[in-house]
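Colleague:
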Amino acid sequence: MVKIAISGGTGDVAQEVSDILIATGKHEIIILSRKDVPSTPLPPGVTQVKTTYENVEELVQILQGVHTAGVRRYAPSEWATSNLDYLSWYEGKGDIRKYLEDLNEDKQVLEYCLFQPGLFTNYFAAPHQTAKHVFAFQLQIDFENRRAIILEGGEDAPINLITVEDFANMVALAVGYEGAWPVVGGIKGDEVTVGQLIALGEKLRGPFAVEKLKVDDIKAGDVKSSWIPKINHPSLPADQVEPLSQAFISGILLAINNEAYRVNDAWNHLLPEYKITQAEEFLAGLDKKIDSHKEYLRDIQNLVTWLVLTIGQFNETSLEGTALGISLEAQVDYQSSSTLSYSESLVTAPELPDAVRCRWSTLISDTLDVHRDQWPGDKYAKISQALLEAWPCPNDRNVLLGASVGSTGFFCGVVCTPYSGLTGFQRPSPEGILQPPSPRTHPVLIARKLIMVAAYLQGFPPKTVQELTGLSISHHDVMHRAVETAVRLVTSNEDLVGSVEGIESVLIESMFQNSEGNLRRAYLSMRRALVLAQMIGLDKAKCSNSPLLKFIDPETRIRIDPQQMWFRLLQSDRYLSLMLGLPQGTADTNFATPAALEGRTPMERMERIDCSAAGRIIQRNSADMQDLKVTQEIDKLLQDAAALMPPKWWLAPDLTSRAIDDMDAIQDTIRLINQTTHYHLLERLHLPYLLHSSTDPKYDYSKITAIIASRELLSRFVPFRGSRTVGSFCRGLDFLAFTASTALCLAHINARHQRTTRPDGGGALLSFLTHQRPSDRGMLEQVLENMTDAARTRNDITATKIASITRHLLCIEADAASGGSYTTNSSYINDEEEIDYNGRLSDGGAVLRIYIPYLGTIKIERDGISRSDTALPPTAISNFDLPQSEVLLTNCEKNQILGDNFLSDSRQTGFSSDGSTSTDAQWFVLSLDLGNEWDLQGVDLAFFDSVFRFCGDE
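Each residue of the sequence shown is one higher than the last, beginning at 0 in numbering that gives the first Met the number 0.
Written out as structure tokens, the structure reads:
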């Protein structure tokens, strides 16, 4: 924490800087001002003191706390430019510069920095107010009226342009900079010449009328132009506007010509991560907002006019003499031309009657208004306090600090950063993660960190969790209390999450739920984050300094790449949509265009192409799976993605030998996740053809590819789950392993069926699996062992379900290898009204029917192979042979239902068995009890829908 005293803290620029400093919640701030202390409450940690600056003892007393804190840095009220010649209104700044130079002449007595921004780009937006406090008045280059006044030969004079927000953010970052401050701290923005600035105006607005004046005339105080820009600042008395405007135009023209508005780039070198908004980007974005605002106001005018006319039909006399339509139109014109404000304001044209005064809310918002939005009374302070109460207590923090945590617990904090930005990434310390922020911190920032704490705890390996002793509540409860509090108070609060940090918090919440295995909750959170991102224009932002975006903490601009954040939202949304068989949020593919891929690392390009392929798979699955051409196009896309990485990159990384705190494990884990994601997409792309009964060779490629992709995925999952560095992180991989295990088991079962139905016992496409069976079986048994271990050590319901499915599939596969066979078919007809979710035996125990509401009836019968007489609907399950034999009952425990509520909220086949000597058939029924619908999250439904929708004849 830094203690800061701001002298003249109610000035325009000082307020811009102080707002950013306050929003971070990291500093204790004293504002000195000649003005009276406001009656409205200030944010916590901020104190305003009235002083005349004339009583030395009074100032010493006020600043005592700052001095005691050991602060020896000073930022004078510079906020100007390098050369003060001709700028008479900055005369006092020159005196301060001279005093500081003399003070440090022999040795450094006081560390100080002259922050020099040059000229604020916001002035060229006048009369539209694009900053919260800095008032933009007309300059000699007037974009609004397309005119300019310059000196002869002055076209090449340079001007450093920077937005007020960028300047305030850089100063706020400089306050926390731990190195030595430069004495002259220039912040270089967009350096343009006078001629280039006029050309930009003409590009955006049309031709300019340019008047050129002689230097000698200006030096003599003779401004021979047809117009003079008015400095109509609210603080100036009306009778001073004309003479000050005359002096100002002379001074600024001569100063620009003397290169006074060129500054150094000292702070750009010290804070290289911060990207400055270019002048064209800022002003072009403003023009779009102005047009949008005008359309909005016109719509309001039309609506009110319609209402007036409608009301007038019922009470014509009530409108007599009001001239409301004319006044409203004048109001619209007035606002469109002069009052596009970033903050809510009471806008009243002087000539309008009181009856038509309108209070307009802004359509443009660039940063949070701290005094109004962040701290309306005690509302947000109470939220912040409630969030902090969910923090682990000091004793629990000490216990957690003594635990070993896997490196995967740090992923959430870097997902919105491109891989190129992770070079030299320093893993945050456990102390920094667990340390609660100041109560003055914005609640969104507290909530984000609280969810990060939960994600950090989620990364604890099972052995570490078992060894934790001395916690006031369990590790699980600490973790979930943190997330649930953040969700309840912040991420579900529409008033709080309209910033980049708010959306990031919802994104991290979704990632946490995914890692917990709560895919449906993750999907809901991710969809919400996606919509919020579209609402604030994240999908259109080209950089972190886009005027479309709203930030709370300036450090977020350095940490987050908006384009990368938007891509992560899409990537996660498509992964969850594919896993759950649900629609994707948007079909956007702009992230994978050649322009978007340019400059990206090979792995980033591969991720983006894979994500584009995922979107197309979802579209294909919802349309026509029989369109083999579309499948082939997507397959080619995945081939192109794979070719971006060198062959050795595709070797499975060995995580089992990594030290638990090895930072290289992060890179290898990212590599492994990208590999498994790629193979999962291949598997899901070709899965519908795996059980296709046609012998047409055109499906052979898909059948073999689905099997190979499943095997490759599992060969990486097994060592990943065996790694000491892996906690509950990325539980979504468990679901990927579930689909791959099931697909591989079904392939071996089907291979056996092909061999037994061929007259010669061979020649079947899948015969090659005969020699693959031992190694595949061993890998599947290892998956089962991993899941069983997770179910036992973590009390993991999802792992229990997956282990149960895998165990019984292995029993069925073993029985298929022994020659057993079953037949299934389905229809939308419910021919037995009493059938419930757990199934029903009929026909003397020969048939099991399972009715699934809205999906239909699955009929499973023994005695060979049967086929439905009529073609089934596209979503029906048809004719897949499953084994029957006495071995199945022996291996899979007689009379056992496949776990409580075996598969939930899903469409599944049932497994039947009938031993030749048994008189009591035992049925393994796939329970669809909706009371426990979150167990497999609908992954089972999505998977079996893919398998069985396209397994019949063409």
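Note that beta-carbon positions come from the ideal geometry of N, C-alpha and C, so glycine has one too. Predicted, not measured: the structure shown is a model, and the values here were computed from it.
#1: Which word fits Asn121, buried or exposed, when buried means at least 16 other C-beta atoms lie within 10 angstroms of its C-beta?
#2: Could you work out which residue in Glu272, Val163, Gly153 is closest to Leu253 when comparing CA atoms only?
#3: Between Val195 and Val222, is the Cβ-Cβ spacing less than 8 Å?
#4: If you reduce the DSSP assignment to three classes, tell me which class Phe142 lands in.
#5: Is it buried or exposed for Val886, if we count other Cβ within 10 angstroms and need 16 for buried?
#6: Can you tell me which of the three DSSP states Pro435 falls into?
#7: From the DSSP output, in three-state form, read off Ile3 for me.
#8: Helix, strand or coil: how does DSSP classify Val191 here?
#9: Quick one: grab the DSSP three-state call for Val499.
#10: Between which two residues does the alpha helix (DSSP H) containing Glu164 stretch?
#11: Comparing alpha-carbon positions, which option in Ala802, Arg751, Glu784 lies nearest Glu812?
#12: Just to confirm before moving on: does the CB-CB distance between Leu113 and Arg96 stay below 8 Å?
#13: Taking just the CA atoms, how far does Arg607 sit from His747?
#14: Is the stretch 552-564 touching the stretch 524-541, taking contact as three or more C-beta pairs under 8 Å?
#15: Taking C-alpha atoms, which residue in Thr792, Pro438, Ser383, Cys744 lies nearest to Glu780?
#16: Alpha carbon to alpha carbon, how far is Glu503 from Leu488?
#17: Within its chain, find whatever has a CB closer than 7 Å to the CB of Ala265; leave out the 5 residues flanking it on each side and keep chain order.
#18: So, is His770 buried or exposed, given that buried needs 16 or more other C-beta atoms within 10 angstroms?
#19: Quick one, are the C-beta atoms of Ile148 and Val193 less than 8 Å apart?
#20: Decide yes or no for the touch test of the stretch 259-276 against the stretch 195-215: beta carbon pairs closer than 8 Å, at least 3 of them.
#21: Can you give me the start and stop residues for the beta strand (DSSP E) that Glu27 sits inside?
#22: Is there contact between the stretch 475-489 and the stretch 451-459, where contact requires at least three CB pairs shorter than 8 Å?
#23: Give every residue of the same chain whose Cβ lies closer than 6 Å to the Cβ of Phe566, excluding the five residues on either side of it in the sequence, and list them in chain order.
#24: Taking only three categories from DSSP, how would you classify Glu932?
#25: Do Ala739 and Glu682 have their beta-carbon atoms positioned less than 8 Å apart in this structure?
#26: What does DSSP give as the partner residues of Pro242 in its beta bridges?
#27: Compare the Cα-Cα distances from Met605 to each of Ala664, Val240, Trp648 and report the closest residue.
#28: For Thr509 and Arg556, what's the separation of their Cα atoms in angstroms?
#29: With DSSP collapsed to three states, give me the class of Gly184.
#30: Figure out for me which residue from Leu386, Ala402, Gly497 has the closest Cα to the Cα of Leu456.
#31: Identify every run of the beta strand (DSSP E) within the stretch 534-591, keeping only runs that are complete inside it and at least 3 residues long; order them along the chain.
#32: Expressed to the nearest angstrom, what Euclidean distance is found between the alpha-carbon atoms of Ala22 and Val170?
#33: By alpha-carbon positions, which one of Ala802, Arg72, Leu150 ends up nearest to Asn257?
#34: Check whether the Cβ atoms of Pro442 and Pro43 sit closer than 8 Å, and answer yes or no.
#35: So, Arg492 versus Gly731, is the Cβ gap smaller than 8 Å?
#36: On a Cα-Cα basis, can you pick out the residue from Gly188, Val214, Asp215, Ile230 that is closest to Pro271?
Modeller: Inspection of the coordinates gives the following:
#1: buried
#2: Residue Gly153 is the option with its Cα nearest to Leu253.
#3: Note that residue 195 is Gln in the sequence shown here, rather than Val. No, they are not a contact pair.
#4: coil
#5: Summary for Val886: the model assigns pLDDT 37, below 50, so the residue's position carries little reliability; its value from the coordinates is reported in the next sentence. Label assigned to Val886: buried.
#6: coil
#7: Here Ile3 sits in strand by DSSP.
#8: Val191: strand per DSSP, three-state reduction.
#9: Three-state DSSP puts Val499 in a helix.
#10: Run containing Glu164: 163-174, per the alpha helix (DSSP H) assignment.
#11: Selection Ala802, Arg751, Glu784 evaluated against Glu812 yields Arg751 as nearest (Cα-Cα).
#12: yes
#13: 33 Å
#14: With a cut-off of 8 Å, the stretch 524-541 and the stretch 552-564 count as touching, because enough Cβ pairs lie within range.
#15: Cys744
#16: 15 Å
#17: Annotation for Ala265: Pro181, Val183, Gly184, Gly185 place their beta carbon closer than 7 Å to its own, counting only its chain and skipping 5 residues before and after.
#18: exposed
#19: no
#20: no
#21: Its beta strand (DSSP E) spans residues 26-32.
#22: yes
#23: Phe590
#24: With a pLDDT of 41 at Glu932, under the threshold of 50, the modelled position of that residue is not reliable, and the figure given next carries that caveat. Coil, per DSSP.
#25: yes
#26: Paired residues: none, contrary to the question.
#27: Trp648
#28: Here residue 509 is Ser; the residue named in the question, Thr, does not match the sequence. Their backbone Cα atoms lie some 22 Å apart in a straight line.
#29: strand
#30: Ala402
#31: DSSP runs (the beta strand (DSSP E)) wholly in the stretch 534-591: none.
#32: 14 Å
#33: Leu150
#34: no
#35: Correcting the residue type first, residue 492 is Asn in the shown sequence and not Arg. Contact: no.
#36: Gly188
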